[in-house]
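K.L.:
Numbering (this note's numbering), first residue to last: 107 to 1053.
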């Protein structure tokens, strides 16, 4: 959280908060300038329109992407009538998170090559190529003349001001669907939330569907945007998106530019377009509902409130008990046990996952979790965890691995999982469930992606789903014979979660246009529908003792657990009629190129080394400076010329600012080098300064200029395990100050300040937060700082500071009790420095004694979730309250009494229809125990968060 100063230039602020375009929903995130490990050797391919930068292991994939991007660029650009300028595409193979983004400042796109385990029925990188390239075209369409070296941040700011995420992401999803045989627009699962809400009398407003809610489950701006932009093209033709962007680009500072431009061409603004879209797809979905003749199913879990929750991957472990993975807004994900009365007991709270999953067999639970690299956040791992239900013992059996979707053998002795290697090849591995040692690998010699394996009961066969550009299928490995075979022809289906029920294979697909549970008899290749859900079903498991199938069925409040007998008379005739509402069909006809990815050229491009030393500088933006100085209420106005290299290892800026208070010119520069483990920052300032001293009862001003050089070294570490994340590190900084042009110099004036040193060590341990959590449920945060002047003969002094923050649960869920104890001891040149948090209202209280310590106690709680809209000005999602009591200088004979206390009220909101940042408007009513201060103090705060 950062203090938001309204006097900052609006565009400068937006350049910070609108820092990227994220293109997938898997771990959607604001772009972070993290690094890869320095051991990676980089290569590059330069084609006509792209620079592909990639690790050496991805040579084959880089060649394929160079051909693919050159092949699709014209088709992706056609409907926007814009040819994009050459751009760098960085292939990232160190992360286990599936993602992609395009950004400016610096201009580049990154493809994270690891495919998700629940991908649609096409090649992952092909899908990224089309989707991300559409964003490149959008950028160049909107701001064709704002380029490096001066205007990329300005172009990014204008893009963020002009286009809400629902528009540019919805348009890109439409293109990825129209220019392929797959795409998210063809997935019943992708539209599930919006469809269920719409047909369940939960038709939320434009703002609620866009900004989301802490109270209800909303569709999300990707889905909302896909349908809204598709309606524009359905009703107003192929050129409507081009017309809207052209009009915006001609006057980028028009208020509410997109809504205004939509109205210009259609007569509808953004809200009325949303409402019209919902009405149309509601009618289409109602007609589909009549055709599918859905069945109702008994619900085995017992909901105790109306809060949306999902019960995922249910497994019956006895006649009376079921285990499942539970997710909701109030709590972090946990594996729970449900008894026959619906009572729930938490077995284990788990950590971050690339996708939700777990598996059960023989009294053991296995699941995978993300592990972050301790320093280089472009690298992450996916490890396997085992929990023994009988003993309660937990064990992480793999380390620094890239394993996904683990499943246990029936006897619990082996684990099968998908491994995705750094060359982007996927294979199955079998591991010992105790040691994590690899027993056997099962290779594929093609570019297919394996997903979600499971064992047969006898452990002699493994079935998994498999995806490629041809579609998806089921693949079975015979472990005794060492053979494998495809059980289905590749087709345009998202086939997932295959399991064995004796000799039958149960899986999820959407043959009738809705996700349902199906069975496959391998001996006859007969497919039979086992479920006929209204909205969608998934995650089957088989219980042999009762010969029943458990699965999850989606309703208005989320996924519920249900069960059906696995008998012939409960099977439903397999209906091949696909009732799916293909809302993108008119767009597909407009593009007339859905087979674009079927035949990609296979040219051989020359690859060359990509040397960091030759690519340290990329000047992209001239950014404004408009801020307060450190002292004398100085207003500083100027600019910075910024450079960031494309691998995030070297940042540089240089600039000029005018100190309006002193009427002097100032110059600045900074370098940050982040390739290796320590992060090294070097900063230079040439600035004017003003101070004063007393002589013969007169105040004499001192004016001077100074050269200030500061160097800082940061050594950070990050670890995570289950639902806890640990951060620790050491920072050290020093500086050199040389003063000159000194006017009215007193006799004791120091013109050189030599290398004061500051040391900081920190440790943070915090639990994962749920969507509704105001703070971590448990947390310990400690910071130690020490300042001294070891190289100064004319100055002396020391400062030691200790800061802390402890989090613990409050009385009710999502309440937080926070305790902060802080201490400092200082003398000499540091005698008047304050390095610890102050009590509330300190600016309005007497400061009669030197600050030694503070104890700050806070109780914070959510009050209600209004989802209220104040016209276009604000959308309020949550209102919070709090009580606080602050102590100062406790101990050493002082009376233990609060110096200030009071109440606070705050609201989380989105302003001016911007998706980010999330703003918080907070007010504090502060009371003092000082006899001289009888009136309460009121403080107003305004903060934002871009995470």
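We put the beta carbon where it would ideally sit given N, CA and C, even for glycine.
None of the values given here were measured: they were computed from a predicted structure.
Within the stretch 166-204, note down every full beta strand (DSSP E) run reaching 3 residues or more, in order along the chain.
P.N.:
With a minimum length of 3 residues, the continuous beta strand (DSSP E) runs that stay inside the stretch 166-204 are 193-198.
K.L.:
Return the chain-ordered list of same chain residues with a C-beta closer than 6 Å to the C-beta of residue 528, the five sequence neighbours on each side being excluded.
P.N.:
Correct list, in chain order: 163, 199.
K.L.:
Can you look up residue 271 in the DSSP assignment and give me helix, strand or coil?
P.N.:
Helix at residue 271.
K.L.:
To the nearest angstrom, how far is the alpha carbon of residue 990 from that of residue 1005?
P.N.:
Roughly 11 Å separates the two Cα atoms.
K.L.:
Between 368, 521, 994, 390, which lies nearest to residue 468 when the distance is taken from Cα to Cα?
P.N.:
The shortest Cα separation from residue 468 among 368, 521, 994, 390 belongs to 521.
K.L.:
Using the Cβ count rule (16 or more neighbours within 10 Å means buried), how would you classify residue 334?
P.N.:
By the 10 Å Cβ count, residue 334 comes out buried.
K.L.:
How many Å lie between residue 363 and residue 269 at the Cα?
P.N.:
Roughly 8 Å separates the two Cα atoms.
K.L.:
Which runs of the beta strand (DSSP E) spanning at least 3 residues fall entirely within the stretch 818-857, listed in chain order?
P.N.:
Qualifying beta strand (DSSP E) stretches, in chain order: 830-849.
K.L.:
Of the residues 908, 962, 352, 1014, which one's Cα is nearest the Cα of residue 980?
P.N.:
Nearest C-alpha to residue 980: 1014.
K.L.:
Determine whether the beta carbon atoms of residue 935 and residue 895 lie at a separation below 8 Å.
P.N.:
For residue 935 and residue 895, yes; Cβs fall inside 8 Å.
K.L.:
Straight-line CA distance for residue 174 to residue 258?
P.N.:
Each residue's Cα considered, the two are about 27 Å apart.
K.L.:
Give the DSSP bridge partners of residue 162, in chain order.
P.N.:
Paired residues: none, contrary to the question.
K.L.:
Closer than 6 Å by C-beta to residue 344: which residues in its own chain qualify, once you throw out the five before and the five after it? Chain order, please.
P.N.:
Around residue 344: 185, 696.
K.L.:
Hey, could you find the ends of the alpha helix (DSSP H) residue 692 is sitting in?
P.N.:
Its alpha helix (DSSP H) spans residues 691-697.
K.L.:
Can you tell me which of the three DSSP states residue 1049 falls into?
P.N.:
Strand, per DSSP.
K.L.:
Using a Cβ cut-off of 8 Å (strictly closer), state whether residue 829 contacts chain C.
P.N.:
No chain C is present in this structure, which holds just one protein chain.
K.L.:
Tell me which same chain residues have a C-beta within less than 8 Å of the C-beta of residue 434, skipping the five on either side of it?
P.N.:
Cβ neighbours of residue 434 beyond the five flanking positions: 413, 414, 415, 416, 664, 876.
K.L.:
Buried or exposed for residue 531, please, with buried defined as at least 16 other CB atoms from any protein chain shown within 10 angstroms of its CB.
P.N.:
It is buried - the Cβ of residue 531 has at least 16 other Cβ atoms within 10 Å.
K.L.:
Compare the Cα-Cα distances from residue 922 to each of 282, 801, 436 and report the closest residue.
P.N.:
Comparing Cα-Cα distances from residue 922 to each of 282, 801, 436, the minimum goes to 436.
K.L.:
Between the stretch 185-196 and the stretch 240-247, are three or more C-beta pairs nearer than 8 Å?
P.N.:
Yes, since at least three Cβ pairs between the stretch 185-196 and the stretch 240-247 fall closer than 8 Å, the two stretches touch.
K.L.:
State yes or no: is the C-beta of residue 541 within less than 8 Å of the C-beta of residue 523?
P.N.:
Contact: no.
K.L.:
Of the choices 215, 176, 766, 790, whose alpha-carbon is the least far from that of residue 759?
P.N.:
Among 215, 176, 766, 790, the Cα nearest to that of residue 759 is on 790.
K.L.:
Can the beta-carbon of residue 860 be found closer than 8 Å to that of residue 889?
P.N.:
Not closer than 8 Å, so no.
K.L.:
Which value, in whole angstroms, describes the spacing of the CA atoms of residue 427 and residue 940?
P.N.:
Whole-angstrom Cα-Cα distance: 58 Å.
K.L.:
Can you round the beta-carbon distance between residue 820 and residue 784 to whole angstroms, since I take them to be within the 8 Å contact cut?
P.N.:
About 7 Å separates the two Cβ atoms, so the contact holds.
K.L.:
Going by other Cβ atoms of all chains shown within 10 Å of its Cβ, with 16 needed for buried, is residue 221 buried or exposed?
P.N.:
Buried, since its Cβ has 16 or more Cβ neighbours within 10 Å.
K.L.:
Quick one: give me the first and last residue of the alpha helix (DSSP H) that residue 953 is part of.
P.N.:
Where residue 953 is concerned, there is no enclosing alpha helix (DSSP H), given that its DSSP letter is neither H nor E.
K.L.:
Quick check on DSSP: helix, strand or coil for residue 780?
P.N.:
Correct three-state label for residue 780: coil.
K.L.:
Closer than 8 Å by C-beta to residue 606: which residues in its own chain qualify, once you throw out the five before and the five after it? Chain order, please.
P.N.:
Cβ within range, chain order: 560, 561, 562, 563, 567, 569, 612, 648.
K.L.:
Name the residue from 849, 751, 1023 whose alpha carbon lies nearest to the alpha carbon of residue 141.
P.N.:
With distances taken between Cα atoms, residue 141 lies closest to 751.
K.L.:
Under a three-way DSSP split, which group does residue 1002 fall into?
P.N.:
In the structure shown, residue 1002 sits in coil (DSSP, three-state: anything other than H, G, I, E or B).
K.L.:
Assuming residue 1032 contacts residue 946 under a Cβ cut-off of 8 Å, what Cβ separation, rounded to an integer in Å, is found between them?
P.N.:
Right, the Cβ-Cβ distance comes to about 5 Å (below 8 Å), so this counts as a contact.
K.L.:
Considering Cα atoms alone, identify which of 911, 794, 183, 209 is closest to residue 772.
P.N.:
Ranking 911, 794, 183, 209 by Cα distance to residue 772 puts 794 first.
K.L.:
Going by DSSP, which residues form a beta bridge with residue 1034?
P.N.:
For residue 1034, which the question treats as bridged, DSSP gives the partners 1006.
K.L.:
Alpha carbon to alpha carbon, how far is residue 158 from residue 170? Give it in angstroms, no decimals.
P.N.:
Their backbone Cα atoms lie some 11 Å apart in a straight line.
K.L.:
Would the beta-carbon of residue 824 fall within 8 Å of that of residue 478?
P.N.:
Against a cut-off of 8 Å, the Cβ pair of residue 478 and residue 824 comes out as a contact.
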